[in-house]
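Everything on this sheet refers to the single structure shown next.
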Amino acid sequence: MKGLLYKDITVLCKQFWVYLVFAVIFSLTAAAGDEAHYFSVYTYFIFAMLPSALLNLEISEGWASFAGGLPVSKRTLVGEKYLLGLALTALAAALSLVCGFLGSAASGTMSDLPAKLFLVGLGCGIGIGLMSIQIFAAYWLGPGKGHLLTMLLTAGMAALIAVLLTAMDGGPADLSDWLLLLPAVLYVVSWRLSVAVVERRDP
């Protein structure tokens with residue numbers, strides 16, 4: 008598992024560093040002022056795309072065939088992508104929190120911290136929910152159709168979240184009961200389905 012994580016982190020830094028740069032830019036933009044703090048949500052969109060992007064790259068380059076010869080179970084191979092997704096979500100949350108705190112400190116007021124904390128929870132829920140569908144789509148449909156579905160889904164959800172945040176002015180809403188619970192359940196279900204797809208395709 009450690010070796011798989013190291014491989015993916017190395018590939019992320021070499022192949023997808025532009026994504027990471029944009030994530031930092033969105034977080035810094037969100038910290039710039041009260042009217043821009045909703046930009047932090049898009050940090051989670053960027054990080055959420057990375058596990059499926061890695062998976063699509065691996066499938067297209069034949070890594071899946073090579074990985075089948077490793078002394079690692081398919082459950083572990085699939086689970087590593089989901090573990091990476093959780094780590095990236097935690098990184099996005101930390102980045103948003105740090106930038107949000109710096110922005111509040113720079114403006115001399117902490118009154119907007121509840122809204123920013125709400126956005127962190129919302130972002131984590133969005134990221135986990137997106138990855139649940141994106142990773143499963145990559146395993147189920149492959150790099151072509153799976154990647155197309157991922158892009159369409161991400162664009163649609165980004166538009167939906169923009170409308171939602173505009174409607175409530177970026178403030179907290181009564182979403183605490185299901186904000187993380189529902190995406191977490193979906194994530195576990197997605198992992199089990201992905202394992203079943205891989206085991207059925209490559210017994």
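Mapping to my numbering: the sequence shown position 149 is 156, numbers consecutive.
Beta carbons: idealized from backbone N, C-alpha and C, even for Gly.
Closer than 6 Å by C-beta to residue i: which residues in its own chain qualify, once you throw out the five before and the five after it? Chain order, please.
i, result
"L98", "none"
"L156", "A144"
Thinking residue i and residue j are a contact (beta carbons under 8 Å), I'd like their distance in whole angstroms, please.
i, j, result
"G149", "I66", "6 Å"
"G107", "S47", "7 Å"
"M8", "T83", "6 Å"
"L193", "G136", "6 Å"
"V205", "V25", "Not confirmed; about 29 Å, so no contact."
Might you give, ordered along the chain, the residues of its own chain that have their beta carbon closer than 7 Å to the beta carbon of residue i, omitting 5 neighbours on each side?
i, result
"T50", "A30, F33, S34, A99, L102, S103 and G130"
"L91", "L12, D15 and P58"
"F23", "L57 and A60"
Going by Cα to Cα distance, which pick from the options is closest to residue i?
i, options, result
"Y13", "E87, F125, A191 and L188", "E87"
"W188", "G128, L155 and D209", "The amino acid occupying residue 188 in the given sequence is Leu; Trp does not appear at that position. If we check each option's Cα against that of L188, G128 comes out closest."
"M158", "A60, S47, V28 and I16", "A60"
"A55", "L93, V18 and V105", "L93"
"L160", "V18, L27 and F52", "F52"
"P190", "Y89, A162, V105 and C20", "Y89"
"W147", "V105, A166 and A203", "A203"
"E68", "L27, V18 and V28", "V18"
Counting only the same chain and skipping the five closest in sequence on each side, list residues whose C-beta sits under 8 Å from that of residue i.
i, result
"P78", "none"
"L95", "F54, A55, L57, P58 and G134"
"A180", "Low local confidence applies: a pLDDT of 48 at A180 is under 50, so the model's placement there is unreliable, and no value is given."
Can you look up residue i in the DSSP assignment and give me helix, strand or coil?
i, result
"M138", "helix"
"G216", "With the chain covering 8 to 210 only, the question about residue 216 has no answer from this structure."
"S201", "helix"
"G177", "Confidence at G177 is low in this model, with a pLDDT of 44, below 50, so the placement of that residue should be treated as unreliable; the coordinate-derived value is given next. DSSP places G177 in coil when its eight states are reduced to three."
"S80", "coil"
"D209", "coil"
"F23", "coil"
"M56", "helix"
"M158", "helix"
Kindly confirm or deny that the segment 136 to 151 and the segment 194 to 202 touch, where touching means at least three C-beta pairs closer than 8 Å.
-> Taking a cut-off of 8 Å for Cβ pairs, the segment 136 to 151 and the segment 194 to 202 touch, as three or more such pairs fall below it.
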